[in-house]
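Residue numbering for the sequence shown follows the numbering used here, starting at 288 and increasing by one per position.
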Amino acid sequence: MGRLRRWSAPGKWMRERRELHGLTSRQVDRATRQIAKLNGDDGLHVSRSYLRNIELGHSMPSRQRMRSLAEVYGEDLAEVGRHYLLLLPSSSLGPNHLIKNEKERQLVLAVAREFRSTATRVLTPAEEARVIPAGWREHVDEKHIRYGIVGTEDHRMGEFLAADYLVTIDCDEKTIQEETLPEIHQERPIHMFLTDEGYICCWAYRKRGKLKLVTYQGGGEHEAPSEKASDVDIIGRVICAWCLPRDETRETDGSPDGKPKADAS
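The structure is reproduced here in structure tokens:
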């Protein structure tokens with residue numbers, strides 16, 4: 288009897304995911320190579336030989352390659368991690384979204400050039416129209432989806448939603464957890480809110496009619512002062528986010544506090 292491979296069970300599961308989608312190892316190689324190119328990260332590429340070792344249980348994929356395979360197979364990153372006994376953030380959380388096509392890359396680059404901001408804010412419809420690639424709207428319900436920016440100085444969510452990100456907001460998803468938050472951080476939805484002090488992306492729950500906003504700074508949770516529901520506008524749930532390229536140096540169209548400039552017309 289051959290030696291039992293350490294990663295046989297998760298390797299088998301990974302092979303089943305590939306076969307479920309009717310993909311060959313060559314197709315996975317090409318798809319992940321494209322993801323790596325679009326994101327500027329060679330660590331996202333899964334070669335045919337590397338994939339073979341994963342599926343045979345010889346090795347565990349790196350976290351970057353797990354992310355890439357999760358995208359190709361349409362699986363949640365947290366689910367992939369569980370098979371390798373790892374606690375990974377959910378793919379549904381913004382920070383884990385990978386650029387998968389050229390239109391997404393164009394959008395991220397355009398926002399980085401035009402609207403990078405020190406403060407968190409929502410793009411205006413006019414600003415969205417300037418940066419969203421042609422043909423994008425036919426794939427997105429513009430009545431319910433908005434785009435926002437997590438400011439370069441906004442570190443209120445730490446590793447769960449870093450500063451300097453472009454976020455997609457589903458304005459239909461405004462339901463807030465009652466009484467308490469899920470114990471596992473990765474299972475908590477992140478919403479964008481407008482408060483008297485400006486925009487903020489964070490966790491939230493309701494307690495005795497009051498909205499509690501919870502951030503994550505310095506490795507721990509911090510609850511903001513109690514907010515009345517009437518004092519806070521729930522913009523929607525953050526469903527995707529892309530890290531803005533660091534080498535873009537053009538000034539934003541917004542002022543230093545993140546507010547858009549007045550229309551000169």
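Built from N, CA and C at the ideal position, the CB exists for glycine as well.
Model, not experiment: these values are computed from the prediction.
- Following the DSSP letters along the chain, one finds L500 in no alpha helix (DSSP H) but inside the beta strand (DSSP E) bounded by residues 497 to 504.
- Secondary structure of R493 (DSSP, three-state): strand.
- Taken through DSSP and simplified to helix, strand or coil, I419 comes out as coil.
- In this structure, DSSP gives W300 a helical state, which the three-state scheme calls helix.
- Here G438 is not near H478, since their CB atoms are 8 Å or more apart.
- Scanning its chain for C-beta atoms nearer than 6 Å, with the 5 sequence neighbours on each side dropped, one finds around Y503 the residues M444, G445, F447, in chain order.
- Cβ neighbours of S295 within its own chain (closer than 6 Å, five residues either side excluded): G344.
- Going by beta carbons, V525 and C488 fall inside the 8 Å limit.
- Counting C-beta pairs with one atom in each stretch, the region 313 to 324 and the region 353 to 362 have three or more that are closer than 8 Å, which means they touch.
- Under the three-state reduction of DSSP, Y452 is assigned to strand.
- The alpha carbon of Q464 has as its nearest neighbour, out of L498, H431, R369, the alpha carbon of L498.
- With three or more CB-CB distances shorter than 8 Å, the region 393 to 400 counts as touching the region 410 to 420.
- About 6 Å separates the CB atoms of A528 and L453; that is less than 8 Å, so the two are in contact.
- Taking the Cα of E362 as reference, the smallest distance to any Cα among H308, E510, P469 is reached at H308.
- Along the length of the region 380 to 406, whole beta strand (DSSP E) runs at least 3 residues long do not occur.
- Annotated three-state conformation of G327 is coil, per DSSP.
- For A511, there is no enclosing alpha helix (DSSP H), as DSSP gives it neither H nor E.
- For S336, the closest of F480, D329, S346 by C-alpha to C-alpha distance is S346.
- C-alpha of G327 to C-alpha of E391: approximately 13 Å in a straight line.
- Spatial neighbours of W300 in its own chain (CB-CB distance under 7 Å, excluding positions within 5 residues in sequence) are listed in chain order as H370.
- Under the three-state reduction of DSSP output, E440 falls in the coil class, being neither helix nor strand.
- Rounded to the nearest angstrom, the gap between the Cα atoms of E366 and Y486 is 31 Å.
- Shown here, I322 sits in a helix according to DSSP, grouped into three states.
- Buried is the label assigned to H332, since at least 16 other Cβ atoms lie within 10 Å of its Cβ.
- Looking at the DSSP output, M479 shares a beta bridge with C488, G523.
- In the three-state DSSP reduction, V359 falls in the helix class (H, G or I).
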